[in-house]
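Step one of this worksheet: look at the structure below.
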Amino acid sequence: MTEWRNVVFSDELRFCLSSDSCRIRVWRRHGDRSNPAVTVERPTARQRGIMLWGAIAYNSRPPLVCIQGTMTAQRYLDNVLRPVTIPYLQGLPNAMFKQDNARPQCQHALQGIQMLRRPPYSSDLSPIEHVWDVIGRRLQTLPLPRSEDELWQMVEREWKAIPQDTICTLIDSMPRRVSSCIAVRKPAVGQKNDYFPETLLF
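So for the sequence shown, full-length UniProt numbering puts the first residue at 1; every next one is plus one.
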């Protein structure tokens, strides 16, 4: 468990101005799947919103970053890695960095930073996913924002409002989560488990 407390978990997520219909749940009878009374029409066009980068660690977290436009490798380098991530990591002894989307073009900037390799298909393991979910659920209880700036202010306020104790609890749950996933994907006798490298078992 101690080693997981050295990991800085990062992730990117887009928040939209419109309501998140994916969080709406209804009860329906068999055969009512297409009944308009129990369905929500989702827009097919790209919705207005903001792209965010966030990271959490056991005893602290860096500021949330709002990216203007698409998160390209250059924007990630200029707006996230250089001004926020690298200085933050350099201030944490023994820190290991886990980034959600590895960008080969940016790896030179991370030289000297200890990286935690991300297993395939494991984004749901990262505790920051739960932090995003908490923020999304809180936003559902608030009036819809009228602009991207207002949405950014709302998300940033909710980000800061999450107690650090909550994040500590999420990070301390990592050994249990990893063990559960290994049990589900347990290989046959004599086969190698490539899903989780030994470095993740701590």
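We treat Cβ as the ideally placed atom computed from N, Cα and C, and that holds for glycine. If you're wondering where the values come from, they're calculated on a predicted model, not measured in any experiment.
Using the beta-carbon count (16 or more within 10 Å), is Tyr121 buried or exposed? Taking the first residue of the sequence shown as position 1, residue 121 is located at position 121. Low confidence applies here, because Tyr121 scores a pLDDT of 49, under 50, leaving its location unreliable; read the following figure in that light. Exposed: under 16 other Cβ atoms inside 10 Å.
Within the continuous beta strand (DSSP E) that includes Trp132, where are the two ends? For the purposes of this step, residue 132 is taken as residue 132 along the sequence shown, with counting starting at 1. Element bounds for Trp132: not the beta strand (DSSP E) but the alpha helix (DSSP H), 127-140.
The alpha helix (DSSP H) that contains Ser147, what's its start and end? What you label residue 147 is simply residue 147 of the sequence shown in a count that begins at 1. From DSSP, Ser147 is part of no alpha helix (DSSP H); its letter is neither H nor E.
Contact set for Asn94: own chain, Cβ-Cβ below 7 Å, skip 5 residues either direction: Within the sequence shown, numbered from 1, the residue matching residue 94 stands at position 94. Correct list, in chain order: Asn6.
Looking at the strands, I want to know which residues DSSP matches up with Ile56. Here residue 56 corresponds to residue number 56 of the sequence shown, with the count starting at 1. Looking at the DSSP assignment, Ile56 forms a beta bridge with Phe9.
Since I believe Leu92 is in contact with His130 (beta carbons under 8 Å), could you give me their beta-carbon distance rounded to a whole number of angstroms? To locate residue 130, count along the sequence shown from 1; it is residue 130. To locate residue 92, count along the sequence shown from 1; it is residue 92. That belief does not hold up - the Cβ atoms of His130 and Leu92 are roughly 21 Å apart, past 8 Å.
In three-state terms, what does DSSP make of Gln47? Here residue 47 refers to the residue found at position 47 when the sequence shown is read from its first residue. Gln47: coil per DSSP, three-state reduction.
Spatial distance of Arg82 from Gly112 (CA atoms): Within the sequence shown, residue 82 is the residue found at index 82, counting from 1. Within the sequence shown, residue 112 is the residue found at index 112, counting from 1. Going from the Cα of Arg82 to the Cα of Gly112 covers about 14 Å.
Hey, Ser10 and Gly54: beta-carbon distance below 8 Å or not? Residue 10 sits at position 10 when you count from the first residue of the sequence shown. Residue 54 sits at position 54 when you count from the first residue of the sequence shown. In contact: Ser10 and Gly54 (Cβ atoms closer than 8 Å).
Just the C-alpha distance for Arg157 and Leu139, rounded to the nearest angstrom, thanks. Residue numbering aside, residue 157 sits at position 157 when the sequence shown is read from its first letter. Residue numbering aside, residue 139 sits at position 139 when the sequence shown is read from its first letter. C-alpha separation (whole angstroms): 10 Å.
Alpha helix (DSSP H) segment containing Ile167, residue limits: Residue mapping note: residue 167 aligns to position 167 of the sequence shown, counting from 1. From DSSP, the alpha helix (DSSP H) with Ile167 extends over 164-172.
Looking at the secondary structure, which residues open and close the alpha helix (DSSP H) in which Ile86 lies? Taking the first residue of the sequence shown as position 1, residue 86 is located at position 86. Taken as a continuous stretch (DSSP letters only), the alpha helix (DSSP H) holding Ile86 covers 86-90.
Per DSSP, which one or two residues make a beta bridge with Val178? Counting from 1 along the sequence shown, the entry for residue 178 is found at position 178. Its beta-bridge partners do not exist; DSSP assigns none.
Output the boundary residues of the beta strand (DSSP E) element that contains Ile67. Within the sequence shown, numbered from 1, the residue matching residue 67 stands at position 67. Here the beta strand (DSSP E) through Ile67 covers 65-67.
Grab me the residues of Asn79's own chain with a C-beta within less than 7 Å of its C-beta, minus the 5 sequence neighbours each way, in chain order. The count along the sequence shown starts at 1 and reaches residue 79 at position 79. Within the same chain, Asn79 has close Cβ partners Val65, Ile67.
Per DSSP, Arg14 is paired with what? Counting from one through the sequence shown, the residue named residue 14 turns up at place 14. Its beta-bridge partners are Met51.
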